[in-house]
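First residue of the sequence shown: 118, per this note's numbering; consecutive thereafter.
Note that CB positions come from ideal geometry on N, CA and C, so glycine has one too.
This one's a predicted model, so the numbers in the text were calculated from it and none came from an experiment.
Report on the following structure.
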Amino acid sequence: MASRRLALNLTQGLSKRAAFNAPVRRGFATPVTTKNGVATECTTLSNGMTIATEHSPWAQTSTVGVWIDAGSRAETDKTNGTAHFLEHLAFKGTSNRTQQQLELEIENMGGHLNAYTSRENTVYYAKAFNADVPATVNILSDILQNSKLEKSAIERERDVILRESEEVDKQLEEVVFDHSIQREDLVDYIKTNYTADRMVLVGAGGVARAQLVELAEKHFAGLPSGPISQASAAVAQLQKRKPEFVGSEVRIRDDTIPTANIAIAVEGVSWKDEDYFTALVTQAIVGNWDKAMGNAPHMGSKLSGFVHKNDLANSFMSFSTSYSDTGLWGIYLVSDNLTRLDDLVHFTLREWSRLSYNVTEAEDLGRQVVTSGRREGPDEVARVVSKITEKDIMDFAQRKLWDQDIAISAVGSIEGLLDYNRIRGDMSRNA
């Protein structure tokens, strides 16, 4: 359900995007020249693994990494938290290197090794001098294919992650992670998702395409091109289904929290949707606001002025979060004015409705440059965004916002938040 995803997100990380969320074109080397003259070249190995490079001959260092098309979205209810758990275990030792050997090898070459997990990607990357790129790729390959996943390390990291989750829970912007993950769950996740067809080996800096392709063939050619077992293949196939947005809500009332924390969203757009930039511009029109800022009374948007004048909220932040095949477009509200939550939500959604029929030229932010995680040059992004007009924004709002189902997630002192149907009714008001 969308509200469950929204409850997991609220806002932390809603705008995070991995650098290669758009599919990389597969096939022969494909150069795409960027503004600074550096060409992006993509090559695919026989097992389906993609190698993408941007070679800068003058660079003394290189960043290489493996982007995997699997993040927290690839988890099931049973394996919730597995992607993040694996990230923690990445550098705890392999069948070829102990944890100490890994750390010493990276330190001796003066490199930097790290990993992170997002909703749709898991990334392992390193930065090193050009001469150390072969050793760096070898280490990345070893981590991805030969991690020991020792039970003692799993239990140690479980304690670390649980402490992290307790801190995250205090922020009200993330979900507490499942405590019950076992080694078998981690192994199954790897077999299902860590396959060559879902990986991109990326190199930027002094490393040349030919060198990185040769290293990839040496260290990653043995990766399977897809899940080996029927069970893993079935799970992987389920992950490819387009998600269905369903109007829904999750409410957790906790009167010990002095504020109401409310997220409301409609179905947004994917990275590849033609409305991608229009959604970002529309988000910018609604804007963000925080009364703690000195310029709070003058932050520009109609909603911020109204909220400030009537003391309806502590802050709000609009968001347009895109995934590979769907998205969430909405707003996150925080308020300690608990008796006026209905007013806050009502006037927020009235502002959304206004976008469907009344966007002024002054609000046309089409010339504002917004960035994309896709491989497009700044000039191309600016050209696309500059063409967006107030008519485009109203058209987007009429199709995506007006009278659309919503997902609601609320935590804290939310007694004053009215029922779903009352809030849903505000999605089609003219005034």
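query                                                                                                                                                               : result
What residues in its chain sit with their C-beta under 6 angstroms from that of TYR537, if we drop five residues either side in the sequence?                       : GLU366
Measure the alpha-carbon distance for LEU329 versus ILE223 and round it to whole angstroms.                                                                         : 19 angstroms
As a quick exercise: from LEU257, ASP302 and SER264, pick the residue whose alpha carbon is nearest that of LYS195.                                                 : ASP302
Could you say which of VAL502, ARG471 and GLU468 lies nearest to TYR393 if we only look at CA atoms?                                                                : VAL502
Thinking C-beta only, is LEU203 closer than 9 angstroms to THR239?                                                                                                  : yes
ALA321: which of GLY165, GLU171 and VAL528 sits nearest, CA to CA?                                                                                                  : GLU171
Quick one: using the 10 Å Cβ neighbour count with 16 as the cut-off for buried, is LYS335 buried or exposed?                                                        : exposed
What span of residues does the alpha helix (DSSP H) with LYS335 cover, start to end?                                                                                : 326-337
Quick one: what's ILE369 bridged to in DSSP?                                                                                                                        : VAL528
Threshold first: 4 residues or longer. Then list the alpha helix (DSSP H) segments lying entirely within the segment 344-401, N to C.                               : 347-356
Alpha carbon to alpha carbon, what distance is there between VAL183 and LEU257?                                                                                     : 8 angstroms
Using the Cβ count rule (16 or more neighbours within 10 Å means buried), how would you classify PRO174?                                                            : exposed
Which term fits ARG500, buried or exposed, when burial requires 16 or more other beta carbons within 10 angstroms of its beta carbon?                               : exposed
Using DSSP with H/G/I as helix, E/B as strand and the rest coil, what is GLY320?                                                                                    : strand
Using C-beta distances below 7 angstroms, list every residue in its chain close to SER432, excluding the 5 sequence neighbours before and after it, in chain order. : TRP406, ASP407, LYS408 and VAL451
Is SER437 near VAL386, with beta carbons less than 9 angstroms apart?                                                                                               : yes
For ARG300 and LEU206, what's the separation of their Cα atoms in angstroms?                                                                                        : 11 angstroms
For GLY188, which residues in the same chain have their Cβ closer than 7 angstroms to its Cβ, ignoring the five residues on either side in sequence?                : ALA200, THR234, SER235, ARG236, GLU237, ASN238 and THR239
According to DSSP, is PHE513 part of a helix, a strand, or is it coil?                                                                                              : helix
Mapping the DSSP letters down to three states, classify ALA156 as helix, strand or coil.                                                                            : strand
Can you give me the Cβ contacts of GLY228 inside the same chain, cut-off strictly under 7 angstroms, excluding the 5 residues immediately before and after it?      : ALA243, LYS244, ALA245, ASP249 and THR253
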